[in-house]
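Protein chains in written order, with the UniProt record's numbering: chain A, 1 to 212; chain B, 1 to 212.
Structural data, given as structure tokens:
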């Protein structure tokens, strides 16, 4: 939304002197209160200013950019997560590769005897093991996995943006979605760069009137 | 931006009867032209309606949703692509795995003797080969790669959204960015789900006034 010069001036005045009445703003600009009425309506309706009866105008700090950001921040893990694939610590690396192909996932989550998260296994971990000299049938996944507490994870109420930042920072393709149980974490979902890509497409299409 | 009931009604009237004058709209709503003035100002300033002098109001089809979509459509491959890693068709699968670890990428692009794209090699392709019975040193990548013309690719002027859709549809993690040369394609970049994730973060932060 494009504001005109006078509207920008009004915002500057309100920023500095809030709360300020319409009459006072009009005085600053050397115009009548009636002249300002449409401008003040536009600024309050579009969320830039807030008008409190008998007090005056306040600056909300909300702009069209902020509003887009707020829309993005509404996208939560629970709307976009996938089903996790878990295997026990004792499973062999060979079994893990098979599981990855059968389930068509890029990451497996390893759980201990209580079913709590103990590690993460990526295609990269398995590829490294596979070209090594070890027999993949003899190596348990617990030897080659990334291990707690050095594992990035997220929760269902986290935002998609939080997870995107985490994946980039930790340089991983996926993180488990967890919830606390006892003194550990139960794995209840999976968030990957594929989920982020899908969230991005869904956000863009939600904003494309031709698709909706 | 939140519109009120009357503003929604005005948009509906203009959609059906454009071009229509302010007086005519006022008549439809049983109010005076003066009453409508702030509403019409808001609707034209925020881009919903266009006012042409001596003609009347038109519906532009632009809404705040459209404006966000237009912003997303401005993000192009050339702003977000990474450097590609290429290997010759004759390289061994073992050499390809080493290259993947050294360069820390999830996909390699395979080129023929003229340096033109002939295949794509993913971690999944290499993992499948690695747990097979073949000797990774003896298998050339040309045997295990996905081969032209069954390869998804993109160009620098494509949008990030186009590529996101392509990665989801083809179920791949990366596509080469190519340009035509002779009767083939030269590889000039790499677009992955990581690049999409970074584009998403960058879009969100570009819209976060606290970060800019």
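All C-beta atoms, glycine included, are put in the ideal place defined by N, C-alpha and C.
Being a predicted model, the structure only gives us computed values, none of them experimental.
Query, Result
"Can you tell me which residues form a DSSP beta bridge with residue 109 of chain B?", "B:86 and B:120"
"Here's the rule I'm using: 16 or more other beta-carbon atoms within 10 Å means buried, otherwise exposed. How should residue 212 of chain B be labelled?", "Caution applies to residue 212 of chain B, whose pLDDT of 38 falls short of 50 and renders its modelled position unreliable; the value that the coordinates give is listed next. When all chains shown are included, residue 212 of chain B counts as exposed."
"I'd like the list of long-range same chain contacts for residue 117 of chain B, defined as Cβ closer than 8 Å, with 5 residues on each side in sequence excluded.", "109, 110, 111, 148, 151, 153, 176, 178, 184, 185, 186 and 187"
"Chain A beta carbons: is any one of them nearer than 8 Å to that of residue 69 of chain B?", "yes"
"Apart from the five residues on each side of it in sequence, which residues of its chain come closer than 6 Å, Cβ to Cβ, to residue 3 of chain B?", "none"
"Does DSSP put residue 210 of chain A in a helix, in a strand, or in coil?", "Annotation note: pLDDT 49 at residue 210 of chain A (below 50); position unreliable, coordinate value reported separately. Correct three-state label for residue 210 of chain A: coil."
"Between residue 92 of chain A and chain B, is the shortest Cβ-Cβ distance under 8 Å, so that the two count as touching?", "no"
"By the criterion of Cβ-Cβ separation under 7 Å, what are the contact partners of residue 200 of chain B in chain A?", "164, 196 and 200"
"Between the beta-carbon of residue 46 of chain A and the beta-carbon of residue 41 of chain B, is there less than 8 Å?", "no"
"Cα separation between residue 16 of chain B and residue 170 of chain A?", "53 Å"
"Do residue 99 of chain B and residue 85 of chain B come within 8 Å of each other at the CB atom, strictly closer than that value?", "yes"
"Over the uninterrupted alpha helix (DSSP H) stretch that includes residue 38 of chain A, give me the two end residues.", "33-45"
"Going along the chain, which residues of the region 158-187 of chain A sit with their C-beta nearer than 7 Å to a C-beta in chain B?", "161, 164, 165, 167 and 168"
"Given residue 29 of chain B, which residues of its chain have a CB within under 6 Å of its CB, disregarding the five upstream and five downstream residues?", "none"
"Quick check on residue 38 of chain B - is its C-beta less than 8 Å from some C-beta in chain A?", "yes"
"Against chain A, which members of the region 123-142 of chain B pass a CB distance test of less than 8 Å?", "123, 124, 126, 127, 128, 130, 131 and 136"
"Looking only at its own chain, which residues have a Cβ that is under 8 Å from the Cβ of residue 209 of chain A, when we skip the five neighbours before and after it?", "The pLDDT assigned to residue 209 of chain A is 47, lower than 50, so where the model puts this residue is not dependable; a value taken from the coordinates is nonetheless given after this. Excluding residues within five positions, none has a Cβ falling inside 8 Å."
"Name the chain B residues whose beta carbon is nearer than 9 Å to that of residue 111 of chain A?", "Simply none; closest approach about 22 Å."
"What are the start and end residues of the beta strand (DSSP E) that includes residue 11 of chain B?", "First-last for residue 11 of chain B: 5-17, but that is the alpha helix (DSSP H), not the beta strand (DSSP E)."
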